[in-house]
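S.K.:
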Amino acid sequence: PQAGEIEVFGQRLDGLSQEALTAFRQKNLGFVFQSFNLIPTLTVIENVMVPLLIQGTKHALARSKAATILEQVGLKGREESSPNALSGGQQQRVAIARALVHEPPLLICDEPTSALDKDTGAQIMQMIRDLSRSPQRCVVVVTHDFRIFRFADRIAEMEDGRISRVIDDPSTLEIQPHL
333 PQAGEIEVFG
343 QRLDGLSQEA
353 LTAFRQKNLG
363 FVFQSFNLIP
373 TLTVIENVMV
383 PLLIQGTKHA
393 LARSKAATIL
403 EQVGLKGREE
413 SSPNALSGGQ
423 QQRVAIARAL
433 VHEPPLLICD
443 EPTSALDKDT
453 GAQIMQMIRD
463 LSRSPQRCVV
473 VVTHDFRIFR
483 FADRIAEMED
493 GRISRVIDDP
503 STLEIQPHL
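Under this note's numbering, think of the first position of the sequence shown as 333, with each following residue one higher.
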């Protein structure tokens, strides 16, 4: 930004050093990238453990937490697989597990269901929605998938880089998919 302040969870971020920003992200943010960004030389479980290990979690605890979240996203039994041996939908679920494993207060998801079939996408979105109900947690989802709208508490529509409309009660929204 050219001007103004950036404040997240009551902490001003503008003006922080790169080191302080990195520490803030490690503690407070989880990202689900559209392109997964899995580390191909690590196993599935090792990929999910990365945020915990970076935070200093002991290896055994990190492995246990990673195994638990992998089971929640339907990947029990694939822990030792290479990411390259997984389907696109399975890789997406690994990326989601990695973003969730350290229980960040802010989860940012870029097209989290883009590589998932309808049923798996609905299961994952329900899990993300359930997590968003936790105290002190915020989830932001960026999507073109109108099927995700039903999981939202609020929808902000963007046009040309600006918020053009805010819908505070998505249950009243009549879904009209864009073609």
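Yeah, the Cβ is synthetic: ideal placement off N, Cα and C, and Gly gets one too.
Owing to the predicted nature of the structure, the values given are computational and were not obtained by experimental measurement.
First and last residue of the alpha helix (DSSP H) that includes Ser464?
M.R.: That run of the alpha helix (DSSP H) goes Lys450 to Ser464.
S.K.: Can you find the residues in the same chain that come closer than 8 Å, C-beta to C-beta, to Asn416, ignoring five residues on each side of it along the sequence?
M.R.: Correct list, in chain order: Pro372.
S.K.: Does Asn369 pass the burial test, meaning 16 or more other C-beta atoms within 10 Å, or should it be called exposed?
M.R.: Classification of Asn369: exposed, given that the 10 Å Cβ count is below 16.
S.K.: Evaluate contact between the stretch 454-469 and the stretch 398-410, counting only Cβ atoms and requiring at least three cross-stretch pairs below 8 Å.
M.R.: Yes: the two stretches touch, three or more of their Cβ pairs being nearer than 8 Å.
S.K.: Quick one: any contact between the stretch 425-443 and the stretch 359-368, if contact means 3 or more CB pairs under 8 Å?
M.R.: Yes: at least three Cβ pairs fall under 8 Å.
S.K.: By a C-beta neighbour count over all protein chains shown, 10 Å radius and 16 as the cutoff for buried, is Leu432 buried or exposed?
M.R.: With 16 or more Cβ atoms within 10 Å of its Cβ, Leu432 is classed as buried.
S.K.: Could you pull out every residue in the same chain whose Cβ sits closer than 7 Å to the Cβ of Arg380, ignoring the five residues on either side in sequence?
M.R.: In the sequence on display, residue 380 carries Val and not Arg. Closer than 7 Å at Cβ, skipping near neighbours: Ala398, Ile401, Leu402, Val426, Ala429, Arg430 and Val433.
S.K.: Work out the CA separation of Ser464 and Pro436 for me, nearest whole Å.
M.R.: When rounded, the distance between both Cα atoms is 10 Å.
S.K.: Run through the DSSP bridge pairs and tell me what Glu343 is partnered with.
M.R.: Per the sequence presented here, residue 343 reads as Gln, with Glu not at that position. Bridge partners of Gln343: Val340.
S.K.: If you run the structure through DSSP and keep just helix, strand and coil, what is Ile386?
M.R.: Correct three-state label for Ile386: helix.
S.K.: Assign Leu439 to buried or exposed, taking buried as 16 or more other Cβ atoms, counted over all protein chains shown, within 10 Å of its Cβ.
M.R.: Classification for Leu439: buried.
S.K.: Any idea what DSSP makes of Ile371, helix, strand or coil?
M.R.: Here Ile371 sits in coil by DSSP.
S.K.: Short check: CB of Ser496 to CB of Glu506, under 8 Å?
M.R.: Not a contact, by the Cβ cut-off of 8 Å.
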